[in-house]
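To start, the structure itself, in structure tokens.
Chains as they are written, first to last, in my numbering: chain U, 1 to 92; chain S, 1001 to 1147.
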């Protein structure tokens, strides 16, 4: 079974869990399962149009899925999908 | 909610923010959770990954830096409890860009640097509706409580 590593600021919306097991064949399926199990995560991972928020980065093991197949990236049973926030801000 | 700051942490932040001026300085607050409150025990400056022009009004921490910071915090038995950044020649109040990129739960400590000198600090937390920031009270942590 693969797993999703949830970053600290999102854990309160994921039942306080750091690692969540998922039965999924792709990154997209894993995220769908995650938000179905923990609906409070939806607003923090996706905007109102259903797009991933700009600070959400997804890594399968050590690879950014943008350099793989995005949401279609396959997940093997021992893979870990890590949600990594980009931190940004500023005066304007 | 209160953000308790370890002794010396603000001094480090002031030095870092003034050195980076007129660019924005940024980094992470490592510490612990105390009920609803947070204790910031270590300042972890992180390079601003925007280009030199954008750095005067924006900061970004690369996701790979976040992975390293998470590992460092975990190895020290700490959590990343928040983010700090400076606002050169602007008040320490979140901007629309800060709101767009804000994560829940983290405390955002903003330091205003006017003409190269730090003049103010204020801390904020995103509300659960993602519509606004609520101000977080700042407090010093007694020396004996710092490991």
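Each residue gets a CB set at the ideal place from its N, CA and C atoms; glycine is no exception.
- DSSP places residue 1034/S outside any alpha helix (DSSP H); the residue lies instead in the beta strand (DSSP E), whose first and last residues are 1026-1034.
- Here the C-alpha atom of residue 67/U lies approximately 10 Å from the C-alpha atom of residue 58/U.
- Note that the C-beta distance between residue 1134/S and residue 1127/S is below 7 Å.
- Excluding its 5 nearest sequence neighbours in each direction, residue 84/U has C-beta neighbours in its own chain below 7 Å: 7, 57 and 59, listed in chain order.
- Residue 1092/S and residue 1122/S do touch by the CB rule: their CB atoms are close to 4 Å apart, below 8 Å.
- Between the segment 66-81 of chain U and the segment 1007-1020 of chain S, the count of Cβ pairs shorter than 8 Å is below three; the stretches do not touch.
- The DSSP assignment places complete alpha helix (DSSP H) segments of no fewer than 4 residues inside the segment 1037-1125 of chain S at 1063-1075 and 1096-1101, in order along the chain.
- For residue 1036/S and residue 1001/S, the gap between their C-alpha atoms comes out near 6 Å.
- One Cα belongs to residue 1046/S, the other to residue 1072/S, and the distance between them is close to 13 Å.
- DSSP links residue 61/U through a beta bridge to no other residue.
- By the C-beta density criterion, residue 1117/S is exposed, having fewer than 16 other C-beta atoms within 10 angstroms.
- A direct Cα-Cα distance of roughly 11 Å separates residue 32/U from residue 46/U.
- Take the alpha-carbon of residue 1141/S and the one of residue 25/U: they are about 48 Å apart.
- Only 1058, 1059, 1060, 1061, 1062, 1063, 1064, 1065, 1066, 1067, 1070 and 1073 from the segment 1058-1077 of chain S bring a Cβ to less than 9 Å from some Cβ of chain U.
- When the five nearest sequence neighbours on each side are left out, the beta carbons in the same chain lying within less than 8 Å of the beta carbon of residue 1102/S are those of 1094, 1108, 1126, 1130 and 1133, in order along the chain.
- For the 7 Å CB-CB criterion, residue 1031/S and residue 1081/S form a contact.
- Taking 9 Å as the upper bound on Cβ-Cβ separation, chain U lies near residues 1106, 1108 and 1110 of the segment 1106-1121 of chain S.
- Out of 37/U, 51/U, 48/U and 81/U, the CA that lies nearest to the CA of residue 61/U is found in 81/U.
- With contacts defined as CB atoms closer than 7 Å, residue 1010/S and residue 1040/S fail to qualify as a contacting pair.
- Distance from the CA atom of residue 1084/S to the CA atom of residue 1048/S, rounded to whole angstroms, is 12 Å.
- Taking a Cβ-Cβ threshold of 8 Å, the residues of chain S close to residue 44/U are 1103, 1104 and 1130, in chain order.
- Around residue 1060/S, the same chain offers 1048, 1049 and 1050 as residues with beta carbons nearer than 7 Å, after the five sequence neighbours per side are excluded.
- If you look at residue 1017/S, you'll find it in the alpha helix (DSSP H) that goes 1009-1020.
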